[in-house]
Amino acid sequence: MELLRTEGISKSYGDFWALKKINIRVPEKSIFGLLGPNGAGKTTLIRIVTQIIFADEGEIYLENRKMTGNDISLIGYLPEERGLYKKMKVGEHLVYLARLKGLSAHDAVEKIKFWMKKFDVLTWWGKKIEDLSKGMQQKIQFISTILHEPRLIILDEPFSGFDPINANLIKDEILELRENGSTIIFSTHRMESVEELCDNIALINKSKVILEGSKKEIKQKYKSNTFIIEHQEDFEGLNHNFAVLQKDKLEEDYFRSVIQIKNGENPNMLLSELIQKVHIHSFIEQIPSMNDIFINQVNAISNE
Amino acid sequence: MTRVRKKSFIIMSVIGPLLIASLWAIPIWLATRDTEQRTIDVVDESGYFENKLSGNGSLNFNYVTKDITSAKEKLSENNNYGLLYIPKIDIDKPRGITFFSEKNPSIDVIGNLERSLRNNIEEIKLIRSSIDKETLESLKTDLSINTINITDSGEKTGSAGVATIIGYIAAIMIYFFIFIYGIQILRGVIEEKTSRIIEIIVSSVRPFQLMMGKIIGVGAVGLTQFLIWIFLGFGITTLVSSYFNIDQQGPVPVTAGMEEAQDEGAELVTEIFNSLESINIPLLLTAFLFYFLAAYLLYGSLFAAVGSAVDNDTDAQQFQLPITIPLIFSLIVLSAILREPDGSFAFWLSMIPLTSPVIMMMRIPFGVPLWEIALSMSLLIVGFIFTTWLASRIYRIGILMHGAKVNYRILGKWLFMKN
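Listed in order, the protein sequences are those of chains W and H. Using the working numbering, the letters of the first sequence map in sequence onto residues 27 to 330. Using the working numbering, the letters of the second sequence map in sequence onto residues -9 to 409.
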């Protein structure tokens, strides 16, 4: 079941179309990657979902019903450009933000203490925000995003500004939140985190969704039936259904070949043909990385 | 919310009244302190003034009969404040009176001496023209016109002076409140925008709620601060003045003259009270509260809009100007309004919402027809609903815009941009 669905979301700023007929579906309890080059309209889409701005056209459905103004309390949003009141103390700032989300004062304090303990930052309670480093502030912001236990968590570039250790901490937390039933949308340029975390993605370029679906399906769709084979002894004269794209000599009598299978054949047939000619050391399907797909798709569009 | 907890708020709340009180107290203190006794040697060659000079209690005169040269020499020895030399003078043309001293004498002392000498000379002249002092006193006439306002409920004693003062105080309080706290709204919005917390918050509350929250919040803080100032300031001032009163009244014997002065004072007080009666106090207070709050909301939302449109204080200047001009303008024309509180100029200015709070408060103590007040109030309500609407449209877009150079055309575009 999908938690969030957008239908035909469009938004223009004067003559400029920031979004054109955006349809995305975010399944429940999944991690959804919103990808796209700078200026593609990701932040605009997020702002529409969080009801900071309104779409010119289109509807947003949350759990199959139209989203209303009250639903924003179900969302936790961590913007890309984020800040805190510098003069406030960490604890009271978190309480303030939690109360804006409708938590009672008592609940707020309890939850904040729980999360601060979890992130090992409970000692910062009485510190002023301005005395914290940028990374420390990011942690506080992350806590403020999730402490009202939102159904939908939207993170815009959550890893920027974190060192690798803290980035891992946040990553583990995101996975744990999914286990606990939250749905997470995150927008990022960092393809390795998409590779690692996302179940589903949507790729937005020039105000349009150019690719959407589960990560697995997309990879299936964009794999080119190409295999990497390491083998001993050389070979010649393969069936014309198999194209040798590349052949490197690694050592004497030891090669790595990249072979694409054309329509109608399957890997087993390639294997059986090769077995007769060479000793096979390894046989791996070349699966495109999200990075490759991203670059290919975006470039394909801009070359049109 | 953060504002109240800021140290500067607490400090200003306490320091403010102290400052106000000290503005009062220091001159009083200086005035009372300055009663230091000074002795002045007098060489009177004319013979007119011997034992007749008086220095208002702060000057003692030591009449010496030596010649001027030796008197001057003696001055440096006896540490007296100075030496007054009066040569033989023509009573009609008193020239050549000289004051010698080691330091520059204060204006006070010289003024005192001149007054005393003049009085003496005048008295001599009076005697010469055979008019005695009593005749002269009886010639002086004390006159002030009592103004009576004819109203529906009968005649009431009015006083332009009291009305002016009340009007001025009310108008200026509104002016300052808008200015001080309007700027605070502006700063607050800019701070939220530059610290980028705005996006976190507007994902929880509507921009309009946030803007109104900011305006009302700052207003409440301001009101608290104002009240603290008024109470503390009033308290301290009364305390200080009563302290000095005791100090001053103690040693001075009550003379017949003073009793007379007190009578006059009592008369003045009753006059003030009478004229206060002619001013409709409940109306004045209601109007003050209304204009105070409505004007604050009107200007506050405009300041919020400006704050949202810019990235820093310097950029704010160019948009602040058109907002503050009507405010400053209304303060400048106050004296013109005073001259003619019922003129058409005053009427129109007290109808235009941007100037009406300050101008109307100036006019009300002089008596304004109820329909005019009602009209002005309704226009002000319409005005502030309009500016709030206007501001919220600019605000909701402005707060999310960063780095864009904003000019009036862009602001206009934002205004008509759909949600």
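Backbone N, C-alpha and C define an ideal beta-carbon position, used for all residues, glycine too. Quick caveat, the model's predicted, so the values are computed rather than measured.
- For the 7 angstroms CB-CB criterion, Lys47 (chain W) and Gly34 (chain W) form a contact.
- Residues Phe278 and Met351 of the same chain have their beta carbon placed closer than 6 angstroms to that of Ala160 (chain H), with the five preceding and five following residues left out of the count.
- Annotation for Pro53 (chain W): Met27, Glu28, Leu29, Thr209, Asp225 and Asn226 place their beta carbon closer than 8 angstroms to its own, counting only its chain and skipping 5 residues before and after.
- Identification of chain W residues near Arg186 (chain H) by a Cβ-Cβ cut-off of 8 angstroms yields Pro105, Glu107, Arg108 and Gly109, ordered along the chain.
- With contact defined as three or more Cβ pairs closer than 8 angstroms, the region 99 to 113 of chain W and the region 187 to 204 of chain H are in contact.
- Listed along chain W, the residues sitting closer than 9 angstroms to Ile191 (chain H) by beta-carbon distance are Leu123 and Leu126.
- In the three-state scheme derived from DSSP, where H, G and I count as helix and E and B as strand, Ile287 (chain W) is classed as strand.
- Nearest to Asn251 (chain W) by alpha-carbon distance, out of W:Val235, W:Met295 and W:Met217, is W:Met295.
- In the DSSP assignment, Gly72 (chain H) forms a beta bridge with H:Ile30 and H:Ser91.
- Exclusion of the five residues before and after Arg216 (chain W) leaves Phe185 as the residues of its chain whose Cβ lies within less than 7 angstroms of its Cβ.
- DSSP places Lys234 (chain W) in the strand class (E or B) of the three-state scheme.
- Taking C-beta separations shorter than 8 angstroms and ignoring five residues to either side along the sequence, the partners of Lys154 (chain W) in its chain run Lys112, Lys113, Met114, Lys115 and Val116, following chain order.
- Counted as a single uninterrupted DSSP element, the alpha helix (DSSP H) harbouring His119 (chain W) occupies residues Val116 to Leu126.
- If you compare the alpha carbons of H:Tyr71, H:Leu360, H:Ile100 and H:Asn109 with that of Ile81 (chain H), the shortest gap goes to H:Asn109.
- In this structure, Arg186 (chain H) places its C-beta atom within 7 angstroms of the C-beta atom of Glu107 (chain W).
- Restricted to the region 235 to 264 of chain W, the beta strand (DSSP E) segments that are unbroken, complete and at least 3 residues in length are 252 to 258, listed in chain order.
- The three-state secondary structure of Asp80 (chain H), taken from DSSP, is strand.
- A distance below 6 angstroms between beta-carbons, with the five flanking residues on each side excluded, links Asp98 (chain H) to no residue of its chain.
- The beta-carbon separation of Ile180 (chain W) and Ile72 (chain W), rounded to 6 angstroms, stays under the 8 angstroms limit for a contact.
- Here Gln272 (chain W) is exposed. Its C-beta has fewer than 16 other C-beta atoms within 10 Å.
- Taking a Cβ-Cβ threshold of 8 angstroms, the residues of chain H close to Thr76 (chain W) are Ser193, in chain order.
- DSSP places Thr32 (chain W) within a strand segment (E or B) once states are collapsed to three.
- Of the other Cβ atoms in all chains shown, 16 or more fall within 10 Å of the Cβ of Trp150 (chain W); this residue is therefore buried.
- Close to Ile210 (chain W), with beta-carbon spacing below 7 angstroms, lies no residue of chain H; the smallest spacing is near 15 angstroms.
- The C-beta of Leu88 (chain W) has 16 or more other C-beta atoms within 10 Å across all chains shown, which makes the residue buried.
- Residue ranges of uninterrupted alpha helix (DSSP H) with 4 or more members, entirely inside the region 45 to 109 of chain W and ordered along the chain, are 68 to 75.
- Ranked by Cα distance from Leu264 (chain W), the options W:Tyr248, W:Ser298, W:Lys242 and W:Phe281 are led by W:Ser298.
- A straight-line Cα-Cα distance of about 22 angstroms links Ile98 (chain W) and Ala44 (chain W).
- Residue burial is scored here from C-beta neighbours: Ala284 (chain H) has at least 16 other C-beta atoms within 10 angstroms and is therefore classed as buried.
- Between Phe261 (chain W) and Lys234 (chain W), the CB-CB gap reaches or exceeds 7 angstroms.
- In its chain, beyond the 5 residues on either side, Leu405 have a beta carbon closer than 6 angstroms to the beta carbon of Arg383 (chain H).
- A direct Cα-Cα distance of roughly 10 angstroms separates Lys249 (chain W) from Glu243 (chain W).
- The distance from the Cβ of Leu223 (chain W) to that of Ile200 (chain W) is about 6 angstroms, consistent with a contact at the 8 angstroms cut-off.
- Distance from the CA atom of Phe42 (chain W) to the CA atom of Leu200 (chain H), rounded to whole angstroms, is 28 angstroms.
- Using a 10 angstroms sphere on the CB of Asp279 (chain W), the tally of other CB atoms stays under 16, which defines it as exposed.
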